[in-house]
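Q: So the sequences go chain by chain: A and B. Numbering follows our numbering, with no gaps: position 126 of the first sequence is 126. Numbering follows our numbering, with no gaps: position 21 of the second sequence is 21. Heads up, the beta-carbon is just placed ideally off N, CA and C, and yes, glycines get one too. Treat the numbers as computed from the prediction; the structure is a model and nothing was measured.
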Amino acid sequence: MKKSFIFPIIFMVLITAIFTFVLAFLNQSTAERVALNQEIELSRKILYIFDIKPPSEKPEDVLKVFDEKISSMPYEDGLVYVYHGDEGQVLGYAVPVSGPGLWGSVEAYVGISHDYSTILGIDFIRHSETPGLGGRISEDDFKEQFRGLDLTKASDGNYIIYRPAPGGNVDAIAGATLTSKSVSNIINEDLHRFLKERGNS
Amino acid sequence: MDSPKKIFKMGVIKDNPVIVQIIGICSALAVTNLMMNSLIMGVGLMFVTGLSSFTVSLIRNYTPKHIRMMVQVLIIAAYVIIVDIFLQAYMPEMSKALGPYVGLIITNCIIMGRAEAYAQQNPPILSFLDGVASGLGYTIVLLMIAFVRELFGFGTIFGIKVLGDWWTPWTIMIMPPAAFFLLAIIIWVSNTIQEKNKDVKKGQVAK
Chain A
1 MKKSFIFPII
11 FMVLITAIFT
21 FVLAFLNQST
31 AERVALNQEI
41 ELSRKILYIF
51 DIKPPSEKPE
61 DVLKVFDEKI
71 SSMPYEDGLV
81 YVYHGDEGQV
91 LGYAVPVSGP
101 GLWGSVEAYV
111 GISHDYSTIL
121 GIDFIRHSET
131 PGLGGRISED
141 DFKEQFRGLD
151 LTKASDGNYI
161 IYRPAPGGNV
171 DAIAGATLTS
181 KSVSNIINED
191 LHRFLKERGN
201 S
Chain B
1 MDSPKKIFKM
11 GVIKDNPVIV
21 QIIGICSALA
31 VTNLMMNSLI
41 MGVGLMFVTG
51 LSSFTVSLIR
61 NYTPKHIRMM
71 VQVLIIAAYV
81 IIVDIFLQAY
91 MPEMSKALGP
101 YVGLIITNCI
111 IMGRAEAYAQ
121 QNPPILSFLD
131 GVASGLGYTI
141 VLLMIAFVRE
151 LFGFGTIFGI
161 KVLGDWWTPW
171 TIMIMPPAAF
181 FLLAIIIWVS
191 NTIQEKNKDV
201 KKGQVAK
């Protein structure tokens, strides 16, 4: 076969077009589902932060409770989620916090009470810490420790202090010192900024 | 013409991509701390290798020889993206656990290795089987490593607790170095066995 110059180019363009079309079609047809999955996961986490238990883990129930009790408002680049009681009064805020972890950025939400005095709970939206070590920050044992922490006694924005340091209120994860340290830095810094902005430091 | 039986024997045992050809090592070290992750990764690779070999073989007579690698990469990338989209849409938990490794299936040498070494010269159906067989060989090795790592590192198998609370998890097993040790041990054992088999066969021929 004589080596043609044009044929390989046409061949490549054609095959690229075919595959791009197939992928674009698949992407389009699943986009809604992917977005829904992400929404459900975020709703679950926000509800967990405020310690609200939906009647079941089913996506419909989670979204229903979320719609009833949670609203959002813009804050910096993201959203602050507001927790409403049955009469519409504000019960708490979920503040986005983020910063560098050990391997990649860590994104989380911290729930605080409406008078900015206590932490209601935290949950991690995204992180890439070592599974089984730093990755354990997303386990309940670690996250549950943050519920009910007093924010009013903290000085200089040191809300989270690991035991056994003086004034310590949370246990770090053994074997994951750097991840634990980043988590406390992220929460302390971003929470401090939020509280200062609200004039209640 | 190769029989399917021979193809599978080659892919899984005699020419196992991980322990004989020593390719696809990177991902074998990365995702093997949990059995479930390894299984999904293996199935994903089986799917991609099988179908990309099939497609490469299907168009092998029309593909200009000097741009065949470009075409192969394109085909592989397309299937990897399909796996990624599928996981995101229907198995969001798994998609999160595997994270960037799904996208990295494309860099797995096994896929292009099979496309070049086999699918370029053989008919589509056999190429498909060859890809699946290689993927299966890869999956089995991954599961063997993951079995030991998860058992000692977490005390669980597929997330089910098998060792009681008395068990102190070995942190080293969850860290990447453990995969190095285990992979080396598996290669050592399997090479010893295969050498022995060869010796026995040679001895028979000599008689």
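In or out: Ala-17 of chain A buried (at least 16 other Cβ within 10 Å) or exposed?
A: So Ala-17 of chain A ends up on the exposed side.
Q: Use the C-beta contact count for Thr-214 of chain B: other C-beta atoms within 10 angstroms, 16 or more gives buried, fewer gives exposed.
A: It is not possible to answer for residue 214 of chain B, since the shown part of chain B is limited to 1 through 207.
Q: Closer than 8 Å, CB to CB, is Val-162 of chain B near chain A or not?
A: Val-162 of chain B does not count as touching chain A.
Q: To the nearest angstrom, how far is it from the Cα of Phe-19 of chain A to the Cα of Ile-75 of chain B?
A: Taking the straight line joining both Cα atoms gives about 8 Å.
Q: Would you say Ala-133 of chain B reaches chain A, if we count a Cβ-Cβ gap shorter than 8 Å as a contact?
A: Taking Cβ atoms only, chain A never reaches closer than 8 Å to Ala-133 of chain B, which makes this a no.
Q: Would you mind reading off the limits of the alpha helix (DSSP H) that contains Pro-96 of chain A?
A: Careful: Pro-96 of chain A lies outside any alpha helix (DSSP H), inside the beta strand (DSSP E) at 90 to 100.
Q: Given 8 Å as the limit, is there contact between the region 104 to 122 of chain A and the region 37 to 53 of chain A, that is, 3 or more CB pairs closer than that?
A: Yes: the two stretches touch, three or more of their Cβ pairs being nearer than 8 Å.
Q: Assuming contact is defined by CB atoms lying nearer than 8 Å, are Ser-98 of chain A and Val-82 of chain A in contact in what I supplied?
A: No, they are not a contact pair.
Q: Where does the unbroken alpha helix (DSSP H) through Gly-130 of chain B begin, and where does it stop?
A: The question names Gly, but residue 130 of chain B in the sequence shown is Asp. Start and end: 124 to 154.
Q: By the 10 Å Cβ neighbour count, where 16 or more other Cβ atoms means buried, how is Thr-152 of chain A classified, buried or exposed?
A: Per the 10 Å Cβ criterion, exposed.
Q: How would you label Gly-134 of chain A, buried or exposed, when you count the other beta carbons within 10 angstroms and need 16 or more for buried?
A: When all chains shown are included, Gly-134 of chain A counts as buried.
Q: When the cut-off is 8 Å and only beta carbons count, does Arg-44 of chain A lie next to chain B?
A: So, not an interface residue.
Q: Give, in chain order, every residue of the region 120 to 142 of chain A whose Cβ lies closer than 8 Å to some Cβ of chain B.
A: Correct list: Ser-128, Thr-130, Pro-131, Gly-132, Leu-133.
Q: Could you name the residues of the same chain whose beta carbon sits closer than 7 Å to that of Val-183 of chain A, not counting the 5 residues immediately before and after it, in chain order?
A: Cβ within range, chain order: Val-106, Ile-137.
Q: So which residues of chain A does Gln-88 of chain B contact, with C-beta pairs closer than 8 Å?
A: By Cβ distance, chain A contributes Thr-30, Val-34, Asn-37.
Q: Under a three-way DSSP split, which group does Lys-6 of chain B fall into?
A: Three-state result, Lys-6 of chain B: helix.
Q: Is it buried or exposed for His-127 of chain A, if we count other Cβ within 10 angstroms and need 16 for buried?
A: Its Cβ being crowded by 16 or more others within 10 Å, His-127 of chain A is buried.
Q: For the region 55 to 72 of chain B against the region 162 to 173 of chain B, are there 3 or more C-beta pairs whose distance is under 8 Å?
A: Result no; under three Cβ-Cβ pairs closer than 8 Å.
Q: Contact check, Met-46 of chain B vs Val-31 of chain B under 8 Å by CB: the rounded distance?
A: 14 Å between Cβ atoms; not a contact.
Q: So for Lys-58 of chain A, helix, strand or coil by DSSP?
A: In this structure, Lys-58 of chain A counts as coil in the three-state DSSP scheme.
Q: Report the neighbours of Glu-41 of chain A on chain B: residues whose CB is nearer than 8 Å to its CB, in chain order.
A: What Glu-41 of chain A touches in chain B: Pro-92.
Q: Strictly below 7 Å CB to CB, what residues from chain B border Leu-26 of chain A?
A: Result: Ile-82, Ile-85.
Q: Could you name the residues of the same chain whose beta carbon sits closer than 7 Å to that of Glu-195 of chain B, not counting the 5 residues immediately before and after it, in chain order?
A: Here the set comprises nothing.
Q: Against chain B, which members of the region 170 to 183 of chain A pass a CB distance test of less than 8 Å?
A: Correct list: Gly-175.
Q: Count Cβ pairs between the region 62 to 81 of chain B and the region 100 to 117 of chain B that sit closer than 8 Å; are there 3 or more?
A: Touching, yes, given that three or more Cβ pairs across the two stretches are closer than 8 Å.
Q: Do Ile-145 of chain B and Ile-193 of chain B have their C-beta atoms closer together than 8 Å?
A: Not closer than 8 Å, so no.
Q: Measuring only the C-alpha atoms, how far is Lys-65 of chain B from Leu-34 of chain B?
A: Near 41 Å, if we compare the C-alpha coordinates of Leu-34 of chain B and Lys-65 of chain B.
Q: For a cutoff of 8 Å on Cβ pairs, would you count Ile-22 of chain B as touching chain A?
A: Not closer than 8 Å to any Cβ of chain A, the Cβ of Ile-22 of chain B fails to qualify, so no.
Q: Tell me whether Val-208 of chain B sits in a helix, a strand or coil according to DSSP, three-state version.
A: Limits of chain B in this structure are 1 at one end and 207 at the other, which puts residue 208 of chain B out of reach.
Q: Between Met-36 of chain B and Ile-119 of chain A, what straight-line distance do the alpha-carbon atoms span, to the nearest angstrom?
A: Approximately 35 Å, taken between the alpha carbons.
Q: Quick check: the Cα distance between Glu-87 of chain A and Lys-196 of chain A, rounded to an integer number of angstroms?
A: Those two C-alpha atoms are separated by around 28 Å.
Q: Using 8 Å as the threshold, is the C-beta distance between Ser-113 of chain A and Gly-92 of chain A below it?
A: Yes.
Q: If you check the beta carbons only, do Pro-162 of chain A and Ala-172 of chain A fall under 8 Å apart?
A: Reading the sequence as shown, one finds Tyr at residue 162 of chain A and not Pro. Yes. Within cutoff.
Q: Measuring only the C-alpha atoms, how far is Leu-39 of chain B from Leu-143 of chain B?
A: Distance between the alpha carbons of Leu-39 of chain B and Leu-143 of chain B: 7 Å.
Q: Can you look up Ser-201 of chain A in the DSSP assignment and give me helix, strand or coil?
A: Unreliable placement is indicated for Ser-201 of chain A, whose pLDDT of 45 sits below 50; no coordinate value is reported for it.
Q: Within 10 angstroms of the Cβ of Thr-168 of chain B, are there 16 or more other Cβ atoms? Answer buried if so, exposed if not.
A: Looking at its Cβ environment, which holds fewer than 16 other Cβ atoms inside 10 Å, Thr-168 of chain B is exposed.
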